[in-house]
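Colleague: Before anything else, here's the structure in question.
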Ligand SMILES: [Zn+2]
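See below:
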């Protein structure tokens with residue numbers, strides 16, 4: 024895998040955040056075109072950043088191409104950047120990401136029984152370690168889709184056993200958040216988080232960060248959530264800008280300039296979240 028001085032695994036970023044009592048923002052790449060502005064957003068604030076991507080987007084772009092682009096820009100900007108595969112359920116997709124040069128992966132066995140989740144996660148941990156990459160797993164279900172479905176919170180004792188048996192670097196848990204929620208805000212359980220935080224010693228991961236009230240983010244970090252994922256809000260900002268920018272464009276306007284305006288809307292969202300999780304303001 025080579026030199027991770029700038030292009031890093033999640034481990035040093037999360038360690039540094041934990042020591043500084045901060046979080047690290049993890050932002051979803053929705054298209055290759057937005058990668059430069061995502062890294063620029065963090066570089067201007069001089070903070071490390073995790074870029075992550077769904078399996079389907081990674082396949083659309085190409086694992087190796089995406090890793091090359093992220094590494095190249097990280098080296099130019101001289102900030103620590105990790106490239107993480109989000110929510111992979113298949114070991115072959117994890118291997119494709121590692122072969123392509125990703126520095127971090129997530130195995131999502133949250134739909135499986137505890138025993139099966141541990142089994143598949145252990146295999147993914149071995150693959151990640153062999154490649155020098157970091158690994159996140161999930162225990163408890165963070166819902167997805169247009170309807171917000173309540174799921175049980177992650178059980179603290181199961182979390183303790185899971186972390187002990189798998190040796191993962193970070194754990195995604197269910198405390199009431201929901202993927203794709205952007206029209207309203209969710210009711211998270213700080214009690215559930217606190218119990219899990221007491222049971223396990225590794226960084227916890229917030230999924231569905233778009234649906235969390237911004238004033239609650241600091242408390243989540245205090246309770247061990249050092250990786251905070253934001254995906255939907257970035258997409259919403261880009262598409263909202265695009266509706267306006269493209270809606271009023273002439274047919275021969277520069278596509279590049281039109282897209283730059285949409286990219287800047289996304290950059291604003293990223294910088295706002297970075298300031299909040301890094302407690303810059
Ligand atoms: Zn997620």
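In the numbering used here, the protein residues as written are 24 to 304. Virtual Cβ for every residue (Gly too), placed ideally from N, Cα, C. Since this is a predicted model, take the numbers as computed values, not measurements.
Please work out which residues of its chain come closer than 7 Å, Cβ to Cβ, to residue 131, disregarding the five sequence neighbours upstream and downstream, and give them in chain order.
Modeller: The residue labelled residue 131 in the question sits at position 108 within the chain shown. So the qualifying residues of the chain are 110, 111, 112 and 161.
Colleague: List the endpoints of the continuous alpha helix (DSSP H) containing residue 185.
Modeller: Stepping through the chain shown from its first residue, residue 185 is reached at position 162. Residues 179 to 189.
Colleague: Determine the DSSP secondary structure at residue 109, reduced to helix, strand or coil.
Modeller: In the chain shown, the residue the question calls residue 109 occupies position 86. Residue 109 falls in the strand class under three-state DSSP.
Colleague: Going along the chain, which residues put their C-beta within less than 7 Å of some heavy atom in ligand 1?
Modeller: Those satisfying the condition are, in chain order, 109, 110, 165, 195, 202, 230, 231 and 252.
Colleague: Candidates 148, 236 and 187: which alpha carbon is nearest residue 207's?
Modeller: As a first step, residue 207 must be located in the chain shown, where it is residue number 184. With distances taken between Cα atoms, residue 207 lies closest to 236.
Colleague: Once DSSP output is grouped into helix, strand and coil, what is the label at residue 176?
Modeller: Indexing the chain shown from 1 puts residue 176 at position 153. Here residue 176 sits in coil by DSSP.
Colleague: Looking at the secondary structure, which residues open and close the alpha helix (DSSP H) in which residue 303 lies?
Modeller: Working through the chain shown from its first residue, we reach residue 303 at position 280. Here residue 303 belongs to no alpha helix (DSSP H), and DSSP marks it neither H nor E.
Colleague: Where does the unbroken beta strand (DSSP E) through residue 62 begin, and where does it stop?
Modeller: Numbered from its first residue, the chain shown carries residue 62 at position 39. Looking at the DSSP string, residue 62 is not in any beta strand (DSSP E); the run it does join, the alpha helix (DSSP H), is 58 to 67.
Colleague: Measure the Cβ-Cβ separation of residue 252 and residue 229 and say whether it is below 8 Å.
Modeller: Here residue 252 refers to the residue found at position 229 when the chain shown is read from its first residue. Here residue 229 refers to the residue found at position 206 when the chain shown is read from its first residue. Their beta carbons are under 8 Å apart, which means residue 252 touches residue 229 by this criterion.
Colleague: Check whether the Cβ atoms of residue 103 and residue 36 lie closer than 8 Å to each other.
Modeller: Residue numbering aside, residue 103 sits at position 80 when the chain shown is read from its first letter. Residue numbering aside, residue 36 sits at position 13 when the chain shown is read from its first letter. For residue 103 and residue 36, yes; Cβs fall inside 8 Å.
Colleague: Mind checking residue 30: buried by the 16 CB within 10 Å criterion, or exposed?
Modeller: Against the chain shown, residue 30 aligns to sequence position 7. Buried is the call here.
Colleague: Does DSSP put residue 25 in a helix, a strand or coil?
Modeller: On the chain shown, position 2 is the one that residue 25 refers to. Because the pLDDT of residue 25 is 44, which lies under 50, any placement of that residue in the model is unreliable, and the number read from its coordinates should be weighed accordingly. Reduced to three states, the DSSP call for residue 25 is coil.
Colleague: Give the DSSP bridge partners of residue 157, in chain order.
Modeller: In the chain shown, counting from the first residue as 1, residue 157 sits at position 134. DSSP lists 127 as partners of residue 157.
Colleague: So, with DSSP's three-state summary, where would you put residue 202?
Modeller: The count along the chain shown starts at 1 and reaches residue 202 at position 179. Note: residue 202 maps to strand in three-state DSSP.
Colleague: Does DSSP put residue 196 in a helix, in a strand, or in coil?
Modeller: The residue you call residue 196 lines up with position 173 of the chain shown. Here residue 196 sits in strand by DSSP.
Colleague: Taking the beta carbon of residue 178 as the centre, do at least 16 other beta carbons fall within 10 Å, making it buried, or is it exposed?
Modeller: Position 155 of the chain shown, counted from the start, is the residue given in the question as residue 178. Looking at its Cβ environment, which holds 16 or more other Cβ atoms inside 10 Å, residue 178 is buried.
Colleague: Can you list, in chain order, the residues of its chain whose CB lies under 7 Å from that of residue 148, leaving out five sequence neighbours each side?
Modeller: Counting from 1 along the chain shown, the entry for residue 148 is found at position 125. Correct list, in chain order: 158, 189, 190 and 191.
Colleague: For residue 294 and residue 278, I'd like the C-alpha separation in whole angstroms.
Modeller: Within the chain shown, the letter at position 271 stands for residue 294. Within the chain shown, the letter at position 255 stands for residue 278. Each residue's Cα considered, the two are about 24 Å apart.
Colleague: Kindly indicate which residue of 200, 243, 262 and 258 has the alpha-carbon position closest to the one of residue 44.
Modeller: The sequence position of residue 44 within the chain shown is 21, counting from 1. If we check each option's Cα against that of residue 44, 243 comes out closest.
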